[in-house]
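Trainee: Quick one: structure below, then a few questions.
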Amino acid sequence: MTVSDNFQMFKGFEKLKDVQYVYTPFDSSLCGVKLEANNKKQYLLTGQILNDGKVLIHLCNYIEPWDDLSLSQKKSLNQRYQMGCGCKITTCYMVPCSITAPNECLWTDWLIERKLYGHQAKHYACIKRSDGTCSCLIPSKIARSQL
């Protein structure tokens, strides 16, 4: 996939200065991703930067059309998600589930809604607090919470 001129990178600058192509396996059975390119649709893509500098995306990454993101998610990309870079998100697939370290946030969308990117993904951010612990918080309440 070719990357357009209005590409914006939120994380990974230290590894890669410029992205011209995004790579994905050819077929969905190999976890390849098919994106609509003809209509100039914009996407939020998460992926990996490989040792050779290639950017790889696959079905296990968070890939969402930009217009489908909540306002909270769009604001969090520029302001809040960086506050959780020291945190690890642990997905809860079945009960019981719990965190095993203070720097983890428990992600419950799958457990509650049977989808990975539900209400919690659209409205919460995993934030590192001043005491080193991490918590899933509603971004509008982050300023009022004790970080």
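Here full-length UniProt numbering is used: the first residue of the sequence shown is 1, the next is one more, and so on. Glycine residues also receive a C-beta, built at the ideal position from the N, C-alpha and C atoms. Small disclaimer: the values here were computed from a predicted structure and weren't measured.
1) Have a look at Y21, D52, I57 and flag the residue whose alpha-carbon is nearest the alpha-carbon of L30.
2) I'd like to confirm the pairing. Which residues does DSSP put opposite T90 in its beta bridges?
3) If you check the beta carbons only, do L106 and C85 fall under 7 angstroms apart?
4) Using a Cβ-Cβ cut-off of 6 angstroms (strictly less than) and excluding sequence neighbours within five positions of S70, which residues of its own chain qualify?
5) For the alpha helix (DSSP H) containing S76, list its first residue and its last residue.
6) Does the beta-carbon of S76 have 16 or more other beta-carbons within 10 angstroms, so that it is buried, or is it exposed?
7) For Y43, tell me which candidate among A101, S28, Q73, Q82 has the shortest Cα-Cα distance.
8) Smallest Cα separation from K88: which of Y21, I138, C134, C60?
Mentor: Looking at the coordinates:
1) The residue given as residue 30 occupies position 30 in the sequence shown. It is I57.
2) Mapped onto the sequence shown, residue 90 falls at position 90. Looking at the DSSP assignment, T90 forms a beta bridge with L106.
3) In the sequence shown, residue 106 corresponds to position 106, counting from 1. In the sequence shown, residue 85 corresponds to position 85, counting from 1. Cβ atoms of L106 and C85: not closer than 7 angstroms.
4) Indexing the sequence shown from 1 puts residue 70 at position 70. Taken in chain order, the residues that qualify are K122.
5) Against the sequence shown, residue 76 aligns to sequence position 76. Segment 71-78, the alpha helix (DSSP H) holding S76.
6) Against the sequence shown, residue 76 aligns to sequence position 76. By the 10 Å Cβ count, S76 comes out buried.
7) Taking the first residue of the sequence shown as position 1, residue 43 is located at position 43. Nearest option by C-alpha distance: Q73.
8) Counted from its first residue, the sequence shown places residue 88 at position 88. Comparing Cα-Cα distances from K88 to each of Y21, I138, C134, C60, the minimum goes to C134.
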